[in-house]
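What follows is a single structure, written as C-alpha cells, with notes after it.
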C-alpha cells in the first residue's frame, strides 16, 4: 500500500483527500494497515457524497469525514469511531457491531438499520425506517425521525429528541424507544408506558454520550405490548 | 434505478452557464442510469402565437442524416408555414407561428417515424439512448442556456430501452416530468385517460403519470392541486421532478422509496437523486442541503 497518497500530519494522524486517492485505497488502508493497539486518527477530505466510506472497520481508530457522505457510511462498523461533519445518505452505520458513529448533519433512510451494538448519534433529522430491525445497538437522534422507524426492532434503545412520523415502533420486539416530541402515529403493538427511574437513567446516559442536553424527564417511553408475539387467529387482521 | 437532476438559477447572469453547471450533475448520475439520458430546458418563451417543437429523427430510416431543411421547405409548400429550424445531430427545434396541432398532424401523416419530443413556447427537450456523457456530448448540453431545467439518467425497469421511452416525458405544452421509481397502476390510469381523448406515445409507466398531471393542469387545477391529486391517484414508488415555464416541482412517494437531495444557495436551487451530483457545484460546501420529505410538495419559482 506504499502508493497510497496521504498526508501524514503527525505520527498518529493522517489525512486522505478523496479527490486524489481512490476510496477503495482508503478503505483498504483502514482494513489492512491498522494493527491491534493502534489508536490512529484518520481524516477524509472531499467525500463528495461517495458511497461506502469507512465501511467494515475493525479497529479502535477515529475517522473524521469532512463533508457529505453517500450511502452506507461507516456500515458494519466494529470498534471504530466515525464522525461525519456533514450529512449521510441511506444506511449509515447499518449493521454496526460496536463503536460509535456520529453524524453532525442529517441522515437519510434506514439509519442504523439492524445495528447489533455500538452507538449511532445523528445531530439533525433522520429519514424513514431509522433503526429498522435494530438488534442491540443504541441510536440517539437530535432531530426528528421519519415514518416506520424502529420497525421490528428487537433489542437496543432509541432516543428521539424531536418528533416521529407514522407507525413508530411497528411490530416492536424488545427494543425500547424514548421520544421527547410526538409520533404522528404508533405502529401496531407499540404503546406508551410509564417511565421508571431506570428509564430516566438510560436516557440521561445516552444523551450524555451523544453530547445532547435535554432533561430526561421530558421523554416518554414506547415499548411493545407483546400482543403480536403469538398468532391470534381471532384477531381478524385488526391490530 | 434512475437518476434525477434539476437546476434553477436565481440570477439572470447565470442563465448563460446553465448547461455548464448541469452536465457534471447529469454525468454524476451515470451509475444510477447508464442506458439513456435526457433533459428539458426552459428559456424565454416565444412571443405571441410562436410555438416550437423538439423533434427526434433517430427512429426514422435516415436517422441523423434526416433532411431537416427539406422538412421546412415541405412545410412551406404544403401548409404555407414559415418555420425556422435549429438542428443538432438527430434533433431539431422547429419554430413557427401557426397552430402546433396542424403542424403535428402533417408531420404524423408525412413523417410517421419522426418523434415529436415536446411542444410549447419556452421548453426544448432532448433525450436519447446512450450514457449521460454520450448524450450530453451529442447535443452540446454544455452550451445550453436558460432559467431552469430537469434532467434524467435512465436504468430501465418498466419498459424497453428506446429513445421515446427515455425521460423527460411531456404532455400538452411546456410541461415535463422525470421519474425515479416504478408505478404499479399505470394501466388503470391509462384506461381512465384514454376515453377522455388522451393519446399515449408509449407503454411506459412514467408517461401515465405525466399525462395524468398535465390533464389535471389542463382541467384547471393549479400545480399544487394537481400534485395533491397525484398523491391520491398514483400508486407505486416515485420521486418526480416536474418543469413548467416558471416552476420546478418535486414530490416523493409516502414511503420515500426513491432518493432526492436539494442544495440551495443565493445563486441556485439544485436537485439530484444523490449528493454525488451536487458536489461539484460552486459554493455547495456552504449551501443549505436538505432531504425533501415524503408526500410533501416542493415548488421553486424561476
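Protein chains in written order, with my numbering: chain A, 301 to 539; chain B, 18 to 319. Positions of the beta carbon are idealized from the N, C-alpha and C atoms, including for glycine. Small disclaimer: the values here were computed from a predicted structure and weren't measured.
> In chain order, what residues of the region 348-363 of chain A put their CB closer than 9 Å to some CB of chain B?
Replying inline: Along the region 348-363 of chain A, the positions whose C-beta sits under 9 Å from a C-beta of chain B are 348, 349, 350 and 351, read in chain order.
> Going by alpha carbons, who is nearest to residue 499 of chain A out of A:483, A:516, A:332 and A:529?
Replying inline: A:516
>> Please report the straight-line C-alpha distance between residue 239 of chain B and residue 267 of chain B, rounded to a whole angstrom.
In response: 15 Å
> Since residue 502 of chain A meets chain B, which of its residues come closer than 8 Å, beta carbon to beta carbon?
Replying inline: What residue 502 of chain A touches in chain B: nothing, since even the nearest Cβ is about 29 Å away.
> Just checking, does the region 524-539 of chain A make contact with the region 157-164 of chain B on the three C-beta pairs under 8 Å criterion?
Replying inline: no
>> Run through chain A and tell me which residues come within less than 8 Å of residue 149 of chain B, C-beta to C-beta.
In response: Per Cβ cutoff of 8 Å: no residues; residue 149 of chain B is ~16 Å from chain A at best.
>> In the DSSP assignment, the beta strand (DSSP E) including residue 256 of chain B goes from what residue to what residue?
In response: 253-261
> Thinking C-alpha only, which one of A:391, A:394 and A:318 is nearest residue 364 of chain A?
Replying inline: A:318
>> When you compare the CB of residue 408 of chain A with every CB in chain B, is at least one pair closer than 7 Å?
In response: yes
> Is the region 250-262 of chain B touching the region 272-287 of chain B, taking contact as three or more C-beta pairs under 8 Å?
Replying inline: yes
> Who are the near neighbours of residue 178 of chain B in its chain, counting only those whose CB is closer than 7 Å to its CB and skipping five residues on each side?
Replying inline: 52, 53 and 146
>> Let me make sure I understand the geometry here. Which of B:109, B:45 and B:288 has the alpha-carbon closest to that of residue 135 of chain B?
In response: B:109
>> Among B:56, B:25, B:19 and B:28, whose alpha-carbon lies nearest the alpha-carbon of residue 48 of chain B?
In response: B:19
> How many Å lie between residue 114 of chain B and residue 61 of chain B at the Cα?
Replying inline: 16 Å
> Can you give the beta carbon distance from residue 469 of chain A to residue 522 of chain A, rounded, assuming they're within the 8 Å contact cut?
Replying inline: With a contact defined as Cβ atoms closer than 8 Å, residue 469 of chain A and residue 522 of chain A qualify at about 5 Å.
>> Please confirm whether residue 217 of chain B has its beta-carbon closer than 7 Å to some beta-carbon of chain A.
In response: no
> Between B:242, B:206 and B:82, which lies nearest to residue 106 of chain B when the distance is taken from Cα to Cα?
Replying inline: Per the Cα distances, B:82.
> Alpha carbon to alpha carbon, how far is residue 43 of chain B from residue 314 of chain B?
Replying inline: 23 Å
> Are the Cβ atoms of residue 325 of chain A and residue 304 of chain A separated by less than 7 Å?
Replying inline: yes
> Between the region 413-428 of chain A and chain B, which residues of the former have a C-beta closer than 7 Å to a C-beta of the latter?
Replying inline: 427 and 428
> How long is the line joining the alpha carbons of residue 79 of chain B and residue 91 of chain B, rounded to whole angstroms?
Replying inline: Near 17 Å, if we compare the C-alpha coordinates of residue 91 of chain B and residue 79 of chain B.
> Whole beta strand (DSSP E) runs in the region 144-228 of chain B with 3 or more residues, listed along the chain?
Replying inline: Within the region 144-228 of chain B, the complete beta strand (DSSP E) runs of at least 3 residues are 165-171 and 193-200.
>> Quick check for students: name the residue ranges of the beta strand (DSSP E) that lie wholly in the region 54-127 of chain B, counting only runs of 3 or more.
In response: List check, beta strand (DSSP E) in window: 68-73, 101-105 and 108-113.
>> As a quick exercise: from A:329, A:394 and A:460, pick the residue whose alpha carbon is nearest that of residue 510 of chain A.
In response: A:460
> For chain A, is any of its Cβ atoms less than 7 Å away from the one on residue 255 of chain B?
Replying inline: no
> Which residues, in order along the region 188-222 of chain B, keep a beta-carbon less than 9 Å from a beta-carbon of chain A?
Replying inline: none
> Rounded to a whole number of angstroms, what is the C-alpha to C-alpha distance between residue 56 of chain B and residue 171 of chain B?
Replying inline: 11 Å
> How many whole angstroms separate the CB atoms of residue 448 of chain A and residue 478 of chain A, which I take to be in contact at a CB cut-off of 8 Å?
Replying inline: With 8 Å as the limit, residue 448 of chain A and residue 478 of chain A do not qualify as a contact, their Cβ atoms being about 18 Å apart.
>> Distance check for residue 121 of chain B and residue 129 of chain B, CA to CA, integer angstroms please.
In response: 10 Å
> Using a beta-carbon distance below 7 Å, is residue 103 of chain B in contact with chain A?
Replying inline: no
> Can you tell me the Cα-Cα spacing of residue 202 of chain B and residue 446 of chain A, whole angstroms?
Replying inline: Spanning the two alpha carbons is a distance of roughly 26 Å.
> Considering only the beta carbon of each residue, do residue 471 of chain A and residue 528 of chain A sit closer than 7 Å?
Replying inline: The answer is yes: Cβ separation under 7 Å.
> Ordered along the chain, which non-local residues of its own chain (more than five positions away) have a Cβ less than 6 Å from that of residue 259 of chain B?
Replying inline: The residues are 194 and 266.
> Whose C-alpha, out of B:220, B:29 and B:212, is nearest the C-alpha of residue 200 of chain B?
Replying inline: Looking from the CA of residue 200 of chain B, the closest CA among B:220, B:29 and B:212 belongs to B:220.
>> Spatial neighbours of residue 331 of chain A within its chain, please: C-beta separation below 8 Å, excluding the five flanking residues on both sides.
In response: 356, 357 and 358
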